[in-house]
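The block underneath contains the structure these notes are about, expressed in structure tokens.
Protein chains in written order, with the working numbering: chain A, -19 to 514; chain B, 295 to 400; chain C, 8 to 319.
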């Protein structure tokens, strides 16, 4: 039996709270049941002096230890001031109600633990329980914010002794939750422990200016400065689009001019910029479908107008609002009737749902998912399909943001049922799906040893689900396709599939939804999906 | 910031060994890094073709070229790129070309 | 003694109602938040698979039918059934449900006692052999609710500490206060169970007690019944200090957080509310946030570097 977690494990300076043992991780089906190939890399001695990895040996933020007791005290004081701001309507009206509800009404019944893929995959490590972060948070509030009487704290077991290392661990721990909100979904008391992860991230970002580089400095900041978190300028975008047009012509024989900055178009389509750089076949497929269906659409070259990502939804309300407003402004500048979002889950949730209560006046421009539009096109008969062209096993990954957090469940399925004769579901799926493991910014957190953790722990449950969905043809000789209508999830699949050698061992390719649609178009000379680009 | 010794010179790199200051790049950096990357011997003309292509694209557009475009413009297929740079186009070729690590959802 | 329990009972009821009301109002007065819905949303047409109105193209031009009765039934049902626990931790559920039924039934029992006493003032006889059907009905209903309350409550209060200690996760997250609560509630239910079984099998004394309460005449009761009533009054006063309001707030959280899918449409009430919240001043200290400015300012200008776009 495992030893019970004790709060001292967390607050005790020095040492590492949890050591992840590859042998304890939840089992994968063969041939992946052998011990992990590279276990999670250890930091080098030099890295250890600069970055704190005392939670689980993994680094997402990697805080540098303070140089003096004064520095440590200043850090703690500033952090506590941030926690206090979370409870102010001025500073946190955005999430005050759900935050207060979760803190006050969670009864710590642990029903959520087994719903959490990270906790289960890790071999049920106590630190990854969804209740862990709120527990630490509540203790900080009880001891330092409400300053409750020591006796009361004893009765409520709500004491904590803060030091720099505890906060460094808490900061890291906030980045071990993918914000998939499965825990919240099963909570009988409507508490949302995942939200606490986000609120802690907010204190680190909005108060301390601390966030993983990939998400803040190279992410949302770069997006607002250059136009895209990829660093892609409008000039680069045009260059890529020219290339895409050439590719479309080569693959389909069709000459399509991808519309850019077309004033007064009906639809402004915003892709995740990752498509332009890593998965051009996705934006090409969109162009082919919209062209064939005669839709009046355009792309934009405004700041954030050609990159639908909004990383703020993972860690910072201000960065979130800034990007959301920029995207609306881009649409307003073009005078389009509506915004349609390409295959990106968090951009869906951020742009269509969360942004809803940030936009006012003429910034309220109708925003929708492209999936219902695609469904309408595919089912309308405007384009002729030959489903036998997709005669290979296909399964569907549900991006959490699009499905559990937004309720878009069936359009993508109705499309697949029509054009993929070997479509099969994963278990569980739909709103009860498991995260790809790359949620809440994990897929883009590429530094140090974080990808090892992401591939072996947070993505593990999804890996297992995918393999099980294809258990009727497990070998590499049968080519199979995981349809993931989300850039972020695709990024995770790319890394995870490489980590486990999935193409060589199982012949599984990942890709978007539109690629399958175009692949099934009856009048194309050759297949659109190119398996050699696995 | 970590420092990396390449060919007797010290460079500022990120946690995964990507060069931080593009202007510090020189052909000796690429050659020196090749050893670290497990590429044996001198870099060949083909290596340089790819490195130069990447650097030129970056100079013009501020990002690394997409892999498909890289293949098309250089005439190398993906397999060839992996033979030249075992860590692949992004983690191998771009690193030797002195580009910083790709950002965003790519 | 009789006077004491009358005064104490009135204080206890007034106290619990006032404090609960304050807590609920405080909950409801929290500002509107950013949307954070979670599916399935039960009032939605396609709630069975968790679908939303976003599944339709141009959703803003379509009706968004809401089935409020269904969502109300769904949210209330779980107070008596606790389905997530049934499905996910059966042992825990076996103790948790009786424990909670104890609360529900003991409160229901007392409320029914009140109405019974009112009818008794009006001349109704409440006994097993009452000539009036209503009198008979009340008699058995009181016996049922009271009996279930005492038995289920006692069972739950014994079972809860056991399951909490037996499960590794639950044990880790237990606090001394949990065990104090289990013990205290055991004493409350146990004293009631004992008085019922040993002294007052028809629960007649509670009718006398409630008759005394509404006619303000101190009743003559057995000391053990008095003990239970005093404990029950203390229990009522203590409840607001626990998380017990979750009976209500969990439902509020369904409606105001999980299922809050009301879109912000131009010219609506919500737009005005948001516009006023955007005027609030922020004090976050991160370098990228202009502390002292409003949300609207922080979100449109910024503490950001140049945001000029280069020429295409």
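From the three backbone atoms N, C-alpha and C, an ideal C-beta is built for every residue, glycine too.
Asked, Found
"Proximity of residue 354 of chain B and residue 337 of chain B at Cβ, strictly below 7 Å", "no"
"Short CB-CB distance (under 7 Å) between residue 303 of chain B and chain A", "no"
"Residues sharing a beta bridge with residue 347 of chain A, DSSP", "A/319"
"Backbone secondary structure at residue 404 of chain A - three-state DSSP", "strand"
"Beta bridge counterpart(s) of residue 297 of chain B as assigned by DSSP", "B/306"
"Residue(s) in a DSSP beta bridge with residue 581 of chain A", "The requested residue 581 of chain A does not occur in the structure, where chain A is confined to residues -19 to 514."
"DSSP bridge partner residues for residue 278 of chain A (one or two, in chain order)", "A/248"
"Distance, residue 64 of chain A Cα to residue 117 of chain C Cα", "42 Å"
"Per-residue burial, residue 80 of chain C [other beta carbons within 10 Å of its own, 16 or more giving buried]", "exposed"
"Members of the stretch 26 to 45 of chain C near chain A, C-beta cut-off 8 Å", "34, 37, 38, 39, 40, 41, 42, 43, 44, 45"
"Nearest-angstrom beta carbon gap, residue 42 of chain C and residue 337 of chain A [assumed within contact, 8 Å]", "6 Å"
"Per-residue burial, residue 313 of chain C [other beta carbons within 10 Å of its own, 16 or more giving buried]", "Only weak support exists for where residue 313 of chain C lies, its pLDDT of 43 falling under 50; the coordinates are left without a value."
"Counterpart residues of residue 147 of chain C in DSSP-defined beta bridges", "Partner(s): none; residue 147 of chain C has no beta bridge."
"Proximity below 7 Å, CB of residue 567 of chain A to CB of residue 100 of chain A", "Look at the range of chain A in this structure, -19 to 514, and you will see that residue 567 of chain A is not part of it."
"Neighbour list for residue 355 of chain B in chain A, Cβ cutoff strictly below 7 Å", "213, 215, 216, 219"
"Where residue 333 of chain B sits in the DSSP three-state scheme", "coil"
"Pair within 7 Å by beta-carbon distance, residue 319 of chain A and residue 302 of chain A", "no"
"CB contact check: residue 315 of chain B to chain A, cutoff 7 Å", "no"
"Beta carbon of residue 357 of chain B nearer than 7 Å to that of residue 199 of chain A", "no"
"Rounded straight-line distance, which links the Cα of residue 34 of chain A to that of residue 168 of chain A", "33 Å"
"For residue 463 of chain A: DSSP bridge partner residues", "A/376, A/491"
"Residues that residue 89 of chain C contacts on chain A, provided the C-beta gap is smaller than 9 Å", "168"
"Residue-level contact to chain C via CB, residue -3 of chain A, 7 Å cutoff", "no"
"Same chain, Cβ closer than 7 Å to residue 345 of chain A, five either side skipped, listed in chain order", "308, 311, 312, 318, 319"
"Span separating the alpha-carbon of residue 413 of chain A from that of residue 380 of chain A", "7 Å"
"Beta-bridge partners of residue 24 of chain C, as assigned by DSSP", "DSSP, once it has assigned bridges, lists no residue as partnering residue 24 of chain C."
"Any chain A beta carbon closer than 7 Å to residue 309 of chain B", "yes"
"Three-state secondary structure assigned by DSSP to residue 313 of chain B", "strand"
"Other residues of its chain near residue 392 of chain A: CB distance less than 7 Å, five sequence neighbours each side excluded", "351, 376, 465, 493"
"Beta-carbon spacing of residue 447 of chain A, residue 9 of chain A below 7 Å", "yes"
"Where residue 458 of chain A sits in the DSSP three-state scheme", "coil"
"Residues in the stretch 369 to 396 of chain B having any Cβ partner in chain A nearer than 8 Å", "372, 395, 396"
"Burial state of residue 44 of chain C, where buried means 16 or more other Cβ atoms lie within 10 Å", "buried"
"Host alpha helix (DSSP H) of residue 194 of chain A (start-end)", "Element bounds for residue 194 of chain A: n/a, residue is neither H nor E."
"Range covered by the alpha helix (DSSP H) that runs through residue 485 of chain A", "482 to 486"
"Beta-carbon proximity of residue 7 of chain A to residue 1 of chain A, cut-off 7 Å", "no"
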